[in-house]
Amino acid sequence: MEVKKTYVGHVLVVPYPSQGHINPLLQFAKRLASKGLKATIATTRYTITSISDPLVTVEPISDGFDDRGFAQAQSEEIFLDSFKSNGSRTLAQLIKKHQATKHPITCVVYDSFFPWALDVAKENGILGGPFFTNSAAVTAVFSRIHGRTLRLPLRLEDCPVVISGVPPLSLDDLPSFLNAPESHPGYLKMKLNQFSNLDKADWVFSNTFQSLESEVVKCIREQWPAKLIGPMVPSAYLDGRIEGDRGYGASLWKPLDDGCTKWLKTKPSNSVVYVSFGSMVSLSQQEMEEIAWGLQESGFYFLWVVKDSETHKLPKGFLELITTQIQETKGMIVSWCNQLEMLAHGSVGCFLTHCGWNSTLEGLSLGVPMVGVPKWADQLTDAKFIADVWGVGVRVKVDSVSGMVKREEVVSCLNEVMNEGERGLEIKKNARKWKELAKEAIDEGGSSDKAIDEFVIALKNTCKR
Ligand code: UDP
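If you want the working numbering, it's the position in the sequence shown, counting the first as 1, plus 5.
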């Protein structure tokens, strides 16, 4: 079938191999395929079997740790260095392999964590551009550090950091590595390297949308030709224009089948709190206990994603307690689920989230009010926006003595968001507004849709020459 199809260009999309990066880049690949491009995902040998979608082809490259990926590496730095050397070599081989076919690769869209992929593209005479998976605000903060207008480590006296169009950012609102650069030296170096060769990129893609970050975007655009193409959420939840596009098509963990939706069906509308800390956060035992007792004491139903590696931190007897209360199941704990389906379910009234950027965009796009419990990296900045810029949720306050979120705080935030008080109603109204704006951006003629079309047309024109 593929042989007969005429494509207007062939894009090779290269995600960083974690769930929060594969999802938006794969979604972008699908969007491009729906607009007439051939789209191939190049992913590590370890993750290749986790990705499958009828619109895209998946091909392997190597990070040098083909058996277990990141888990095999001794440190972040070793992993990233190995990825650079092995990834460059195998990406070049993949491009060359396609050069002799009917559909040679015409452009590489790579995760902004891999500036080396642009060098590979250019060495092979093809176009390329990074895909930023963070908010534009977070990108702007890191670019200022790269440009040395902000110096590390950031201290209290350096704050607030002012970015035009954004409320002043305190230390608690800034990505966590910045006041402790030594905590993740490998990641920090990678975040700053994102900007090292941007001047050579043909395009810069950002998973956000015009109305969401209109002011920040102005200052980003002064520096690079950024194309805002988000939110990269499966089409069924937004514009519905990509047939059958109901999920990302990638899962590094096996989601529970229809058990969650069956359980949700038994609950009244807007009565359940969906809780997830994403794919990377690991809570301490005490933090886990406070969240657990907070959920229990709130009295709301809850559906909580606790990865298998974390379940041992749940309080003793907690599982038994929540499943036998008043003869009905108050809470459900699953090791992984299809998050979008949960957020889209009418019984879910609130998303208690770690504020990863994908989760934030998903909550916004599906109009679900949020309680932000950010833990590290860009999650702190996303939480600030959720609470104070878009007004679609609240952010928990961390106890000043223990440095933890206490159960009373969890209860109070859930009450504020779930109940129909003044703030709760305002949050629900804003959530409905942003859901519409997200849909509008990606729907036909919307700002992101136009930006994607411009890219497709430009690529088509280059291929004709
Ligand atoms: N996710 C999922 N099932 C779960 C938990 C999370 O499918 O049980 C998905 C979620 O929809 C999101 C991604 O995993 O797309 C997590 O990305 P995010 O940027 O929110 O956080 P990260 O995992 O990178 O910290």
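Beta carbons: idealized from backbone N, C-alpha and C, even for Gly.
Residue(s) in a DSSP beta bridge with residue i
i	result
Trp309	Val280 and Ile338
Ile66	Thr49
Phe75	According to DSSP, which records beta bridges pairwise, Phe75 is partnered with nothing at all.
Val18	Ile46 and Val114
Ser211	Phe137 and Leu233
Arg428	Paired residue(s): none; Arg428 is not in a bridge.
Phe147	BP columns for Phe147 are empty, so no partner.
Thr358	Ser281 and Gly377
Val353	Val277
Leu477	Since the displayed the chain opens at 6 and closes at 470, residue 477 lies outside it and no answer follows.
Ile56	Ala255
Separation of residue j from residue i, as counted between CA atoms
i	j	result
Pro135	Pro320	43 Å
Phe356	His350	12 Å
Val461	Thr49	26 Å
Val13	Gly41	6 Å
Asn212	Ser140	7 Å
Lys196	Ile150	10 Å
Thr106	Arg246	30 Å
Glu64	Ser55	12 Å
Asp72	Ala78	11 Å
Ile447	Lys102	34 Å
Pro190	Val397	33 Å
Ala97	Thr316	42 Å
Gly368	Met375	7 Å
Gln228	Phe390	23 Å
Val403	Met285	20 Å
Leu324	Phe214	40 Å
Ser175	Lys223	22 Å
Glu431	Trp439	12 Å
Ala231	Thr329	53 Å
Leu300	Phe307	7 Å
Ser303	Leu419	7 Å
Ile46	Ile131	16 Å
Ser289	Glu441	37 Å
Pro120	Lys194	12 Å
Asp454	Leu326	48 Å
Val373	Arg437	8 Å
Trp208	Val113	10 Å
Asn435	Ser370	12 Å
Arg412	Ser276	19 Å
Val125	Gly25	24 Å
Thr144	Glu248	32 Å
Gly264	Pro29	26 Å
Leu294	Phe282	A small fix is needed here, since residue 294 is Glu in this sequence, not Leu. Rounded to whole angstroms, Glu294 to Phe282 spans 14 Å at the Cα level.
Ser216	Leu37	22 Å
Val410	Ala44	43 Å
Ser57	Pro260	15 Å
Leu257	Ala122	23 Å
Buried or exposed (CB count within 10 angstroms, at least 16 for buried), residue i
i	result
Glu459	exposed
Asp244	buried
Pro20	buried
Asp250	buried
Gly153	Residue identity check: residue 153 is Arg in the sequence provided, not Gly. Arg153 is exposed by the Cβ-count criterion.
Asn472	Only positions 6 to 470 of the chain appear in this structure, which leaves residue 472 out of reach.
Asp204	exposed
Ser188	exposed
Thr11	exposed
Lys433	buried
Gly451	buried
Asn466	exposed
Ala235	At residue 235 the sequence reads Gly, which differs from the Ala that was named. Buried.
Pro273	exposed
Arg400	buried
Asn424	exposed
Glu218	buried
Leu161	exposed
Val8	Because Val8 sits at a pLDDT of 49, beneath the cut-off of 50, its placement in the model cannot be relied upon, and the following sentence gives the value as read from the coordinates. Answer is exposed; the Cβ neighbour count stays below 16.
Gly133	buried
Ser405	exposed
Gln384	buried
Glu128	exposed
Val280	buried
Val167	exposed
Phe33	buried
Gly426	exposed
Cβ of residue i within 8 Å of any chain D Cβ
i	result
Val167	Checking the listed chains, one finds no chain D in this structure; it contains a single protein chain.
* **Complete runs of the alpha helix (DSSP H) confined to the region 149–187 [at least 4 residues]** => none
* May I have a chain-ordered list of the beta strand (DSSP E) segments no shorter than 3 residues that lie completely inside the region 397–460? => 398–400
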